[in-house]
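Let me begin by presenting the structure, written as structure tokens, before commenting on it.
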Amino acid sequence: MSGSTNTPAELAGICDTHVHVLDPQRFPYADDRTYTPAAATITDLAAFTRRMGIERVVLVQPSIYGTDNAALLDGLAKLGPDVARGVAVIDCARSTDSELVRLHDAGVRGLRVNVAVHGDTGSALAAAVDRAAPFGFAVEIYAGTRFLLDNRGLIEGSSVPIILDHYAGVDPVAGPDAPGVSELTELLATGHVWLKMSAPYRLPHNPAPAAVEDLSRRLVEAAVDRLLWASDWPHTGRLPKDVPRTAASIDPFFDVDDAAVLAGIRRAAGSDENARRILVDNPAALFGF
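The sequence shown: position 189 = 189 (my numbering), numbered continuously.
What follows is the structure in structure tokens.
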């Protein structure tokens with residue numbers, strides 16, 4: 001077996017760059033949400049990070065909270081600046097500059113555009129880049145590969161860092177010639193585009209771990225300095241999108257062996273030095289730890 005053989009706890013400063021806090025008792029979900037997950041509180045997150053040997057996290061605003069970042073801000077305050085940063089969702093047309101200053105002061109370092117849930121023709125992405133620039137925020141995009149390629153010019157010309165969620169939607173089953181892989185590596189080579197190796201269960205065709213690990217290895221070879229790792233804990237949205245939901249029905253979490261997924265990332269890294277870049281150094285540089 002190649003690559004790092006250390007356990008996660010033996011690498012200090014590991015950062016999980018994509019987790020969610022879900023606390024509907026204290027912070028009710030948005031009325032127009034598309035699914036209803038169970039709770040996953042700060043206490044639950046702390047238990048997860050202890051078990052995994054994770055020392056830092058990035059709280060990402062989930063779609064079920066819309067543009068109300070109260071739960072995220074509460075989590076940042078509880079965890080503190082040594083442990084946590086945030087990626088918020090705003091209404092680009094209505095959020096004030098003073099609101100964005102408050103978000104930055106609270107530890108937010110990025111704005112999220114969730115194309116996978118809300119759709120976009122590129123206008124929301126352009127607006128997010130414009131609002132992010134004066135405050136030093138990155139813009140994080142959850143979208144399929146087609147959207148990213150269609151908006152390649154905007155991403156390449158962005159004045160702020162761009163973060164691509166969940167392997168940028170690439171299909172690992174298609175192998176080295178998967179649509180978008182070569183273009184994706186070119187985007188990463190710009191120096192301001194980052195990619196989260198996260199949530200393989202959200203990729204097309206339910207890829208096997210070996211296929212995901214192969215994709216991870218190719219990305220490491222192409223652009224190790226622009227890669228991040230994330231668990232996507234607590235793994236929301238298990239039911240297929242075409243399954244009817246009601247506001248009262250609880251959408252179960254995916255059953256994920258997070259330790260095995262992280263071990264795959266470390267094997268794909270190919271060396272302890274590369275593993276440290278992906279798990280520690282890259283997120284520290286991007287999110288300002």
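Positions of the beta carbon are idealized from the N, C-alpha and C atoms, including for glycine. Treat the numbers as computed from the prediction; the structure is a model and nothing was measured.
Tell whether a beta-carbon distance below 8 Å holds between residue i and residue j.
| i | j | result |
| --- | --- | --- |
| V19 | L59 | yes |
| W229 | T17 | yes |
| G157 | A168 | no |
| L22 | A46 | no |
| A30 | D68 | yes |
| D257 | S231 | no |
| L154 | R131 | no |
Can you have a look at residue i and say buried or exposed, based on whether 16 or more other CB atoms are within 10 angstroms of its CB?
| i | result |
| --- | --- |
| I14 | buried |
| K241 | exposed |
| A210 | exposed |
| S63 | buried |
| N206 | exposed |
Please report how far the alpha carbon of residue i lies from the alpha carbon of residue j, in whole angstroms.
| i | j | result |
| --- | --- | --- |
| P8 | V243 | Low confidence applies here, because P8 scores a pLDDT of 47, under 50, leaving its location unreliable; read the following figure in that light. Taking the straight line joining both Cα atoms gives about 37 Å. |
| G264 | V115 | 28 Å |
| G220 | L227 | The amino acid at residue 220 is misidentified as Gly; the sequence shows Val. Roughly 7 Å separates the two Cα atoms. |
| S216 | G119 | 27 Å |
| A248 | T36 | 7 Å |
| D251 | T145 | 26 Å |
| S159 | N151 | 15 Å |
| G53 | A12 | 8 Å |
On a Cα-Cα basis, can you pick out the residue from the options that is closest to residue i?
| i | options | result |
| --- | --- | --- |
| E140 | D130, G153 and L125 | L125 |
| A260 | T190, E213 and V101 | E213 |
| I291 | L286, L100, F48 and T36 | No statement about residue 291 is possible, as the shown extent of the chain runs from 1 to 289 and does not include it. |
| A128 | D150, R94 and S198 | R94 |
| A199 | E273, D255 and L11 | D255 |
| L149 | E273, M52 and E183 | E183 |
Go through its chain and collect everything with a Cβ distance to residue i's Cβ below 6 Å, but skip five positions before and after it.
| i | result |
| --- | --- |
| A178 | V170 and D171 |
| A284 | none |
Here's a check: name, in chain order, each residue in its chain whose Cβ is nearer than 8 Å to the Cβ of residue i, leaving out the five neighbours to either side.
| i | result |
| --- | --- |
| R351 | The structure shown does not extend to residue 351, since the chain is modelled only from 1 to 289, so the question has no answer here. |
| L76 | L59, A84, R85, G86, A106, G107 and V108 |
| P204 | G169, D171 and V173 |
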